[in-house]
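So for the sequence shown, this note's numbering puts the first residue at 571; every next one is plus one.
Glycine residues also receive a C-beta, built at the ideal position from the N, C-alpha and C atoms.
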Amino acid sequence: MRRFLDGLYGAAGLLAGLCTIGVLVSVLAAIVARQLGLNIPGTDAYAGYFMAAAGFLALSSTFKHGEHIRVTLLLNSLRPAAGRRLDIFALSVGCLLAAAFAFFSIKLTYDSWQFNDISTSNDATPLWIPQVSMAVGTVLFLVALIDELIRRSRGLAAATSQQTHE
Numbered sequence: 571m572r573r574f575l576d577g578l579y580g581a582a583g584l585l586a587g588l589c590t591i592g593v594l595v596s597v598l599a600a601i602v603a604r605q606l607g608l609n610i611p612g613t614d615a616y617a618g619y620f621m622a623a624a625g626f627l628a629l630s631s632t633f634k635h636g637e638h639i640r641v642t643l644l645l646n647s648l649r650p651a652a653g654r655r656l657d658i659f660a661l662s663v664g665c666l667l668a669a670a671f672a673f674f675s676i677k678l679t680y681d682s683w684q685f686n687d688i689s690t691s692n693d694a695t696p697l698w699i700p701q702v703s704m705a706v707g708t709v710l711f712l713v714a715l716i717d718e719l720i721r722r723s724r725g726l727a728a729a730t731s732q733q734t735h736e
């Protein structure tokens, strides 16, 4: 299971990286087209879609690599057992918030698909298509939080970037 989850987080991180390249390609295409006097409809919108996808898809990977910002001043000042309890509490609250975020992201995507909602930009993209990356990213982030909550509840150390690179 550990190998599967780590592979899932890694794949999401890879997709986030590809989406970042998509931002670059969209922006460069718009710049070059403008210099040539051409108009490529939707390049600005697609740059935004790629940027949002990169951000959401990267959530689980960066969290599991210990790259999210954590305020450790309080945790480090506590005894190890109290710090672990506080960490478990924070992860539990994070799971609840991430579950709500994932639920409403999925609902937004489904509603956009059901009502055939399209972009107001000149590309007229069905909005459920770029919203899928948000829904997938938030669900994977929830899975990563639950994964870490289980690890910490079992007494294992918090995931850090050093541990995951070994």
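For this session: Report buried or exposed for residue 547, applying the criterion of at least 16 other Cβ atoms within 10 angstroms of its Cβ.
Result: Because the chain is modelled from 571 through 736, residue 547 falls outside the range shown and cannot be assessed.
For this session: Closer than 6 Å by C-beta to residue 682: which residues in its own chain qualify, once you throw out the five before and the five after it? Chain order, please.
Result: 697, 698 and 701
Problem set entry | Meets three-Cβ-pair contact criterion under 8 Å: the stretch 661-668 and the stretch 609-616 | no
For this session: Give the range of the alpha helix (DSSP H) segment to which residue 708 is assigned.
Result: 698-723
For this session: Taking residue 589 as the reference, give the member of 602, 620 and 572 with the closest Cα.
Result: It is 620 whose Cα lies nearest to the Cα of residue 589.
Problem set entry | Contacts around residue 626, its chain only, beta-carbon distance under 7 Å, and the 5 residues preceding and following it disregarded | 703, 704, 707 and 708
Exercise. Under three-state DSSP, which class holds residue 658?
Worked result: helix
Exercise. Which same chain residues, not among the five before or five after residue 594, have their C-beta less than 7 Å away from its C-beta?
Worked result: none
Exercise. Going by beta carbon distance, what residues of the same chain come within less than 7 Å of residue 653, once the five residues before and after it are set aside?
Worked result: 645
For this session: Inspect the beta-carbon positions of residue 582 and residue 628 and report whether they are closer than 9 Å.
Result: yes
Exercise. To the nearest angstrom, how far is it from the Cα of residue 586 to the Cα of residue 603?
Worked result: When the Cα atoms are used, residue 586 and residue 603 turn out to be separated by approximately 26 Å.
Problem set entry | Alpha carbon of residue 572 to alpha carbon of residue 600, nearest angstrom | 42 Å
Exercise. Using the rule of at least 16 other Cβ atoms within 10 Å of the residue's Cβ for burial, across every protein chain shown, is residue 679 buried or exposed?
Worked result: buried
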